[in-house]
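Enquirer: This is the structure I want to talk about, given as structure tokens.
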Amino acid sequence: MIAALETVGLRKSFGALAATRDVSLRIEAGARHALIGPNGAGKTTLINLLSGVLRPDAGRILLDGADITFLPPHRRARRGMTRTFQINQLFAEMTPLETVALALSERRGLGRRWWRTLAAHADMLDEAAALLARFGLGDAMRLRASVLPYGKQRLLEIAIAIAGGPRVLLLDEPAAGVPEDERHEILSIVAALPDDVAVVLIEHDMDLVFSFARRISVLVDGALFVEGSPEEVARDPGVRQVYLGEARHG
Amino acid sequence: MTARRWEWAFWIAAIAVPFLFPGKRLLINEIAILALFALSLDLLLGYAGIVSLGHAAFFGVGAYAAGLLAKHGLTEPVAGLLLASGAAAVVGFLSSFLVLRGSDLTRLMVTMGVALMLLEVANRFDGVTGGADGLQGVTMGPVLGLFRFDLFGRTACAYSLATLLVLFLIARRIVRSPFGLSLRAVKGNRLRAAAVGVPADARLVAIYTIAAAYAGAAGALLAQTTQFVSLDVLDFHRSADVLLVLVLGGSGYLYGGLIGAAIFKLMQDWLAALTPQYWQFWIGLVLVLVVLAGRERLSATAARLWARLARRPAREPPA
Numbered sequence: 001m002i003a004a005l006e007t008v009g010l011r012k013s014f015g016a017l018a019a020t021r022d023v024s025l026r027i028e029a030g031a032r033h034a035l036i037g038p039n040g041a042g043k044t045t046l047i048n049l050l051s052g053v054l055r056p057d058a059g060r061i062l063l064d065g066a067d068i069t070f071l072p073p074h075r076r077a078r079r080g081m082t083r084t085f086q087i088n089q090l091f092a093e094m095t096p097l098e099t100v101a102l103a104l105s106e107r108r109g110l111g112r113r114w115w116r117t118l119a120a121h122a123d124m125l126d127e128a129a130a131l132l133a134r135f136g137l138g139d140a141m142r143l144r145a146s147v148l149p150y151g152k153q154r155l156l157e158i159a160i161a162i163a164g165g166p167r168v169l170l171l172d173e174p175a176a177g178v179p180e181d182e183r184h185e186i187l188s189i190v191a192a193l194p195d196d197v198a199v200v201l202i203e204h205d206m207d208l209v210f211s212f213a214r215r216i217s218v219l220v221d222g223a224l225f226v227e228g229s230p231e232e233v234a235r236d237p238g239v240r241q242v243y244l245g246e247a248r249h250g
Numbered sequence: 001m002t003a004r005r006w007e008w009a010f011w012i013a014a015i016a017v018p019f020l021f022p023g024k025r026l027l028i029n030e031i032a033i034l035a036l037f038a039l040s041l042d043l044l045l046g047y048a049g050i051v052s053l054g055h056a057a058f059f060g061v062g063a064y065a066a067g068l069l070a071k072h073g074l075t076e077p078v079a080g081l082l083l084a085s086g087a088a089a090v091v092g093f094l095s096s097f098l099v100l101r102g103s104d105l106t107r108l109m110v111t112m113g114v115a116l117m118l119l120e121v122a123n124r125f126d127g128v129t130g131g132a133d134g135l136q137g138v139t140m141g142p143v144l145g146l147f148r149f150d151l152f153g154r155t156a157c158a159y160s161l162a163t164l165l166v167l168f169l170i171a172r173r174i175v176r177s178p179f180g181l182s183l184r185a186v187k188g189n190r191l192r193a194a195a196v197g198v199p200a201d202a203r204l205v206a207i208y209t210i211a212a213a214y215a216g217a218a219g220a221l222l223a224q225t226t227q228f229v230s231l232d233v234l235d236f237h238r239s240a241d242v243l244l245v246l247v248l249g250g251s252g253y254l255y256g257g258l259i260g261a262a263i264f265k266l267m268q269d270w271l272a273a274l275t276p277q278y279w280q281f282w283i284g285l286v287l288v289l290v291v292l293a294g295r296e297r298l299s300a301t302a303a304r305l306w307a308r309l310a311r312r313p314a315r316e317p318p319a
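Just so you know, the protein sequences line up as chains A and B, in that order. Using the UniProt record's numbering, you'd call the opening residue of the first sequence number 1 and step up by one each time. Using the UniProt record's numbering, you'd call the opening residue of the second sequence number 1 and step up by one each time.
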């Protein structure tokens, strides 16, 4: 079976620092896959390689079996791989409704349509509003993104990525910086993601990782250290040493 | 009053002004042309976030194209306007690739450089353009074969205002469309725009070409209504003026260029009568004040005052 997303010998260096070292991953359709590792392990570099923000020095990236290694980010999004960002990347001056409508219109290939107003695309606005309501953003959908509370902005990050209709979704620390009492909103949204979407989660929050993932890859110093089920990874003495022990005490 | 009513009021006033001040029609024509030029820059700056100090390049191409077409036999203005606008669009498309990347500073320099080059090209090929003497022998036929240009600017003023209105309505539709939304997205956050599938470069090429066509139309209007084209249409001061106009009126809501053009031209007209030699001093002072005080702050203060005035009667306890 063709993997939803596959990397073969992916490599990236910044000067003398090897941030990604021969990473080969297979993400099956509908997977719940977590990427963990200590700070500086190269998780964000890997996501930037996957989404096309960075270009690898060597190796290949396959989306549904097609080589996308050198496609620009927007083409990857159109082919069904969307992402969220660890640090919010929102359109400060746009409302959640506009933002999600934008993602929907690009997904439908309407982005070049200049002769009809957005307001005339009622079906698209309805769909955007329905999606935002599912994310608990219904009341806030006509406010500018910059005035939303931080937790709502994190939810909007995910909503935008979902609106793109992905088959592969890359979540870069969705709960980063979210206060403890608002975290459950993010958790329940992540838990309720559609089954047919392969989700790759980067996260420091071990509760979230172990409640969510059916498969976990551990990155250390840019290389794949261990990969397996959550039980296998939790039992692995090497992982306990380099990562889990450190995280529990840290 | 809703935004829609404001828009109606604005345009009814714009159409009424030439009738109320028949002696000022030539000035109103100039305002309409500058307004269209500023509208064109607003599409770039206000919606796509591209700064330019060389927007006169496209104004000039449109002006020379319209002038040359008329001189060589195509004297019907509307056809000339469309062709001239198309010529500016071609130049805009070709130069758009130079402004795709880079900081605001590089864009300022690149756009300015393109305008300077075109100015020297027009200067060098004086056999075609008339060089420093200007393009002589431009005679325009009646608009649509019906309305002759007259000495008092009656036709000129109506023609320019009508063109401005039509192109404004198209621009209004463009910025409210999914395409316009994607431009705002590229302006707001290019990284995220790409992540939702927006091809930023292609969208910027498109809006740069459209804006060039708009600037070309403004240049064509000037050439046609004055029946003369000089190197001045490509001059640096024209690029600087239009940026100033947009700063005066505010960018990003389409009316800023129109309001700014009216303020700029009226100030120029009024100050030039008072102090013919030093009017630019006062324009400069106003510019400094506007930029330092911040147009956003000024308009926010105005909006607050307005809201207070509007609320006051409602707060009165019932008698």
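Ideal Cβ positions, reconstructed from N, Cα and C, are used throughout, including at glycine. Computed from a predicted model, the values in this text were never measured in an experiment.
Anything in chain B within Cβ reach of A/Ser51, meaning under 7 Å, just list it in chain order.
Expert: Indexing the first sequence from 1 puts residue 51 of chain A at position 51. The contacting residues are Ala195.
Enquirer: Return yes when the Cβ of A/Leu219 is within less than 8 Å of the Cβ of A/Val209, no when it is not.
Expert: Taking the first sequence and counting its residues from 1, one reaches residue 209 of chain A at position 209. Taking the first sequence and counting its residues from 1, one reaches residue 219 of chain A at position 219. Not a contact, by the Cβ cut-off of 8 Å.
Enquirer: In whole angstroms, what is the alpha-carbon distance linking A/Pro237 and A/Pro72?
Expert: Residue numbering aside, residue 237 of chain A sits at position 237 when the first sequence is read from its first letter. Residue numbering aside, residue 72 of chain A sits at position 72 when the first sequence is read from its first letter. Those two C-alpha atoms are separated by around 40 Å.
Enquirer: What is the rounded straight-line gap between the Cα of B/Ala9 and the Cα of B/Asp133?
Expert: For the purposes of this step, residue 9 of chain B is taken as the residue at position 9 of the second sequence. For the purposes of this step, residue 133 of chain B is taken as the residue at position 133 of the second sequence. Approximately 43 Å between the Cα atoms of the pair.
Enquirer: DSSP three-state call for B/Ser177: helix, strand or coil?
Expert: Position 177 of the second sequence holds residue 177 of chain B. Note: B/Ser177 maps to coil in three-state DSSP.
Enquirer: Strictly under 8 Å for the Cβ-Cβ distance: is A/Arg78 near chain B by that measure?
Expert: As a position in the first sequence, residue 78 of chain A is number 78, starting the count at 1. Cβ-Cβ to chain B under 8 Å: yes for A/Arg78.
Enquirer: Quick check on DSSP: helix, strand or coil for A/Met81?
Expert: Looking up residue 81 of chain A in the first sequence gives position 81. Note: A/Met81 maps to strand in three-state DSSP.
Enquirer: Quick check: what's the CA-CA separation for A/Glu6 versus A/Glu28?
Expert: Taking the first residue of the first sequence as position 1, residue 6 of chain A is located at position 6. Taking the first residue of the first sequence as position 1, residue 28 of chain A is located at position 28. Roughly 8 Å between the two C-alpha positions.
Enquirer: Give a yes or no on contact between the segment 143 to 151 of chain B and the segment 229 to 245 of chain B, applying the rule of three or more CB pairs nearer than 8 Å.
Expert: no
Enquirer: For B/Ala158 and A/Ala101, what's the separation of their Cα atoms in angstroms?
Expert: Within the second sequence, residue 158 of chain B is the residue found at index 158, counting from 1. Within the first sequence, residue 101 of chain A is the residue found at index 101, counting from 1. Taking the straight line joining both Cα atoms gives about 39 Å.
Enquirer: On the DSSP letters alone, give me the boundaries of the alpha helix (DSSP H) that A/Glu157 sits inside.
Expert: Indexing the first sequence from 1 puts residue 157 of chain A at position 157. Residues 150 to 163.
Enquirer: Do B/Leu248 and B/Val288 count as a contact pair if the criterion is CB distance below 8 Å?
Expert: Residue 288 of chain B sits at position 288 when you count from the first residue of the second sequence. Residue 248 of chain B sits at position 248 when you count from the first residue of the second sequence. The answer is no: Cβ separation not under 8 Å.
Enquirer: Any Cβ of chain A within less than 8 Å of the Cβ of B/Val198?
Expert: Numbered from 1 along the second sequence, position 198 holds the residue referred to as residue 198 of chain B. So yes, B/Val198 belongs to the interface.
Enquirer: In whole angstroms, what separates the C-alpha of B/Phe281 from that of B/Ala16?
Expert: Working through the second sequence from its first residue, we reach residue 281 of chain B at position 281. Working through the second sequence from its first residue, we reach residue 16 of chain B at position 16. Going by the C-alpha atoms only, they are around 32 Å apart.
Enquirer: Starting from A/Thr117, find everything on chain B with Cβ-Cβ shorter than 8 Å and list it in chain order.
Expert: Position 117 of the first sequence holds residue 117 of chain A. The contacting residues are Arg173, Arg176, Ser177.
Enquirer: Straight-line CA distance for A/Ala16 to A/Ala223?
Expert: Walking along the first sequence from the start, residue 16 of chain A turns up at place 16. Walking along the first sequence from the start, residue 223 of chain A turns up at place 223. Cα-Cα distance, rounded: 15 Å.
Enquirer: Would you identify the three-state DSSP class for B/His55, choosing helix, strand or coil?
Expert: As a position in the second sequence, residue 55 of chain B is number 55, starting the count at 1. Coil, per DSSP.
Enquirer: Only counting the same chain, and skipping five residues up and downstream in sequence, which positions put a Cβ closer than 7 Å to that of A/Gly52?
Expert: As a working note, residue 52 of chain A is residue 52 in the first sequence. Correct list, in chain order: Leu71, Pro72, Pro73, Arg76.
Enquirer: Do you know whose CA, among A/Ser13, A/Ala161, A/Arg214, lies nearest A/Leu81's CA?
Expert: By one-based count along the first sequence, residue 81 of chain A stands at place 81. A small correction: the amino acid at residue 81 of chain A is Met; Leu does not occupy that position in the sequence shown. Answer by Cα proximity: A/Ala161.
Enquirer: Of all the options A/Ser13, A/Thr99, A/Thr95, which has the alpha carbon lying nearest to the alpha carbon of A/Thr45?
Expert: As a working note, residue 45 of chain A is residue 45 in the first sequence. Nearest to A/Thr45 by C-alpha distance, out of A/Ser13, A/Thr99, A/Thr95, is A/Ser13.
Enquirer: Would A/Met141 pass as an interface residue toward chain B - the criterion being a Cβ-Cβ separation below 8 Å?
Expert: Working through the first sequence from its first residue, we reach residue 141 of chain A at position 141. False, the Cβ-Cβ gap to chain B never drops below 8 Å.
Enquirer: Whether or not the segment 68 to 81 of chain B and the segment 205 to 213 of chain B are in contact is what I'm after, with contact meaning three or more pairs of Cβ atoms, one per stretch, closer than 8 Å; do they touch?
Expert: no
Enquirer: Can you say whether A/His121 is buried or exposed, counting buried as having 16 or more other CB atoms within 10 angstroms of its CB?
Expert: Counting from 1 along the first sequence, the entry for residue 121 of chain A is found at position 121. Flag for A/His121 reads buried.
Enquirer: Mind checking if A/His249 is an interface residue toward chain B, Cβ cutoff 8 Å exclusive?
Expert: Start at 1 with the first residue of the first sequence, and residue 249 of chain A comes out as number 249. In this predicted model, A/His249 has a pLDDT of only 44, less than 50, meaning its place in the structure is not dependable enough to derive any value.
Enquirer: Any C-beta of chain B sitting closer than 8 Å to the C-beta of A/Pro174?
Expert: On the first sequence, position 174 is the one that residue 174 of chain A refers to. False, the Cβ-Cβ gap to chain B never drops below 8 Å.
Enquirer: Using a Cβ cut-off of 8 Å, pull out every chain B residue sitting near A/Gln89, in sequence order please.
Expert: In the first sequence, counting from the first residue as 1, residue 89 of chain A sits at position 89. Under the 8 Å cutoff, chain B gives Asn189, Leu191, Arg192, Ala195.
Enquirer: Just to make sure I have the definition right: I need the residues of chain A whose C-beta is within less than 8 Å of the C-beta of B/Gly86. Which are they?
Expert: Residue 86 of chain B sits at position 86 when you count from the first residue of the second sequence. What B/Gly86 touches in chain A: nothing, since even the nearest Cβ is about 17 Å away.
Enquirer: Count the other CB atoms within 10 Å of the CB of B/Leu169; is the residue buried (16 or more) or exposed (fewer)?
Expert: Taking the first residue of the second sequence as position 1, residue 169 of chain B is located at position 169. Here B/Leu169 is exposed. Its C-beta has fewer than 16 other C-beta atoms within 10 Å.
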